[in-house]
Structures are given as structure tokens and as C-alpha cells.
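Quick note on numbering: the sequence shown equals residues 2 to 277 in my numbering. Even glycine gets a Cβ: it sits at the ideal position worked out from N, Cα and C. Everything on this sheet refers to the single structure shown next.
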Amino acid sequence: MTGLCRPSRREEVSQLARLWKICFGDTDDYIAHYFSTYYRPDRALVLEDGGKLRSMLLTFPNVLVTGEGKEVPACYIYAFCTAPEAQSQGYGRRLLAWAEEQAARQGIQLAVMVPGEASLFDFYETLGYRTVFFHREQIFTQTGPADCIPVPCDGAAYAARREALLEGTFHMAYPSEVLEYQRSLCRRTGGDLFLWEDGLAAVETDGATLYCKELLTAHPQEAVNALLSCFGMNRAVVRTPAESKDGAKGFAVAKSLVPGGDGQATSTGYLAFAFD
Numbered sequence: 002m003t004g005l006c007r008p009s010r011r012e013e014v015s016q017l018a019r020l021w022k023i024c025f026g027d028t029d030d031y032i033a034h035y036f037s038t039y040y041r042p043d044r045a046l047v048l049e050d051g052g053k054l055r056s057m058l059l060t061f062p063n064v065l066v067t068g069e070g071k072e073v074p075a076c077y078i079y080a081f082c083t084a085p086e087a088q089s090q091g092y093g094r095r096l097l098a099w100a101e102e103q104a105a106r107q108g109i110q111l112a113v114m115v116p117g118e119a120s121l122f123d124f125y126e127t128l129g130y131r132t133v134f135f136h137r138e139q140i141f142t143q144t145g146p147a148d149c150i151p152v153p154c155d156g157a158a159y160a161a162r163r164e165a166l167l168e169g170t171f172h173m174a175y176p177s178e179v180l181e182y183q184r185s186l187c188r189r190t191g192g193d194l195f196l197w198e199d200g201l202a203a204v205e206t207d208g209a210t211l212y213c214k215e216l217l218t219a220h221p222q223e224a225v226n227a228l229l230s231c232f233g234m235n236r237a238v239v240r241t242p243a244e245s246k247d248g249a250k251g252f253a254v255a256k257s258l259v260p261g262g263d264g265q266a267t268s269t270g271y272l273a274f275a276f277d
């Protein structure tokens, strides 16, 4: 198999957007939002063969924080796909391996992905990944009055509160720039990032249901009551960390890019945002 792995080019944005849409079926508006807010050529890696983009992936910088507080440079790989006519020819495997090599050369020690469907967990295991990050997903309805007042915040304030709440746990931390991108996804649906006295939430909505992409608080029902009151809704789908795998949902896989890396140290890590 021939082909060249390389960073993308700005003049290829329309091709990248087309490949994204073909492979994942997202709306043009959703895809365009990424390219107008977060895209840089070096954040999108491609495999080109015969003058065509055969495979692509997007990267986001993260930091894995161990239970002891050690920070491990990490990379979240997003929108990893191969053109339908080029699948089962090794293009995706080759691009992913090259991306891992480039990341390791930059000092990144862990690669993370969120499989788009259940069958892909087994596929990524063949590439050296294993399920490390879990969460719980529950449906809440309004049960009483609001006991707190959620206040919108920016990515920096959210990051600071988030790290304080997750101190002592094995989790993925996000740079403020990445959280600003998540905030932009929330706000384009009418939601936002929120803080209140003892918690935080990243909220999206479809107009009928509230989606808490992350909820961190010691009092989840009271927090959901407050958020539902803010939006005038009665139903919320809520993601929270899982203390163990019992009843939890496998969410993301990870691969250490250095021998004996910290990414294999636990099976109940917490990662919130997949930009899904």
C-alpha cells in the first residue's frame, strides 16, 4: 500500500468536511462549527493516496491526572475515519500508527479514543487500546424546587473548579482552550458551562431534553432540579463519574505510548467530553 501520512492543509477543509460527513453523518452546520472555531492544519492528520484523502483524524490535547496527582501528557483522537471505498485496506491503521508515533515524539504519553459503536471497542483492543474510562448515564426528572443557582462560566473558571472537584481521582483534565470549544458546542444548542456553590455542569439541549455532558456535584438531584428550572424543562440525561465498573458504561479506550505508562494503571478512569 502506498500513501503519505501528513498534517492537513487549509485548502483541504472542504475535503475533510466531506469525509467527516460521509463517515459519521453529522450535519453540515456541526462540522463547519469545528472548522470555524478549533481547526488548525496540524490538529487534523490525513493519509493521502493517489491524490485523494483516504483517512483522517483530529487531535485535542489533554492531560491525564492520576490518583496521586501526577500529570501525564495525553492526546484525544476524534473523528477517526476512512473513506468507504478505501476501507479494509489498512489506511486507517497506518494513519493511527503514524499519529501515535508523532505524538510520542512530542512527549505525549497516552492516546485516547471514544469508539463510535460497541463493536469498535474490540477492534481498538487489537491495536493496543483497552477500555480505561467509564461513566454513569442516568435520566432525571424534576422532583422539587431549585436549591442552587447555576451561573454560566468560561473555560478557565470551569477548569479550575473541575480540578478541585476531581482531586485525588484518575481522570482526564482539559486545557481551557478545549473547554472553550466544548462551551461553544453547548452554547450553539442553547446550553452553556455552569458553576454553582458545590458543583458544575456542561449542558446541551435539543429543546425538549437537557443533556448534561458532565455533572460534578455531591447533590445530583438538587443540581438537576436547578438546571431544569433554568431551562423550563422536566427531563435530563446526565453523565457522572463512575467509582467502579459495576453498572457503569465503558466510554473511552486508551493506549500508553511509552512502556509502563500510567494510562494502563486503572480500569475506572473518568473522561467527560467526546464532543458527541
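With contacts defined as CB atoms closer than 9 Å, residue 66 and residue 171 qualify as a contacting pair. For residue 156, the enclosing alpha helix (DSSP H) stretches over residues 156-166. Positions of the alpha helix (DSSP H) runs, each at least 4 residues long and wholly inside the segment 66-138, are given as 92-106 and 120-126 in order along the chain.
Going by C-alpha positions, residue 236 is about 15 Å away from residue 202.
Taking 9 Å as the cut-off, the Cβ atoms of residue 197 and residue 152 count as close. Ranking 213, 230, 212 and 185 by CA distance to the CA of residue 32 puts 185 first. In this structure, DSSP gives residue 272 a state outside helix and strand, which the three-state scheme calls coil.
Ranked by Cα distance from residue 52, the options 91, 4 and 62 are led by 4.
The beta carbon of residue 16 sits closer than 7 Å to the beta carbons of 54 from its chain, once the five residues preceding and following it are set aside; these are given in chain order. Residue 177 and residue 154 have their C-alpha atoms spaced approximately 12 Å apart. The beta carbon of residue 144 sits closer than 8 Å to those of 222 and 226, all from its chain and outside the five residues before and after it, given in chain order.
For the pair residue 194 and residue 216, the CB atoms are not nearer than the 9 Å cut-off. Cβ neighbours of residue 166 within its own chain (closer than 6 Å, five residues either side excluded): 217. Looking from the CA of residue 241, the closest CA among 135, 159 and 187 belongs to 135.
Residue 241 sits in a strand when the DSSP states are folded into three classes. In this structure, the beta-carbon distance from residue 205 to residue 187 falls below 9 Å. Counting along the chain, residue 221 sits inside the alpha helix (DSSP H) bounded by residues 221-232.
By a beta-carbon distance limit of 8 Å, residue 6 contacts residue 46. Their separation comes to about 7 Å. Between residue 80 and residue 175, the C-beta spacing is not below 9 Å. Contact check for residue 93 and residue 56: beta-carbon distance about 5 Å, within the 8 Å limit, so the pair qualifies.
Straight-line spacing of the CA atoms in residue 146 and residue 208 works out to 21 Å. Bounds of any beta strand (DSSP E) do not take in residue 15; it lies within the alpha helix (DSSP H) bounded by 14-25. Close CB contacts of residue 74 within its chain, under the 7 Å cut and outside five residues either way in sequence, are with 64, 108, 109 and 110 (chain order). Note that the C-beta distance between residue 18 and residue 114 is not below 9 Å. Taking the Cβ atoms as the reference, residue 9 lies roughly 17 Å from residue 62, outside the contact range of under 8 Å.
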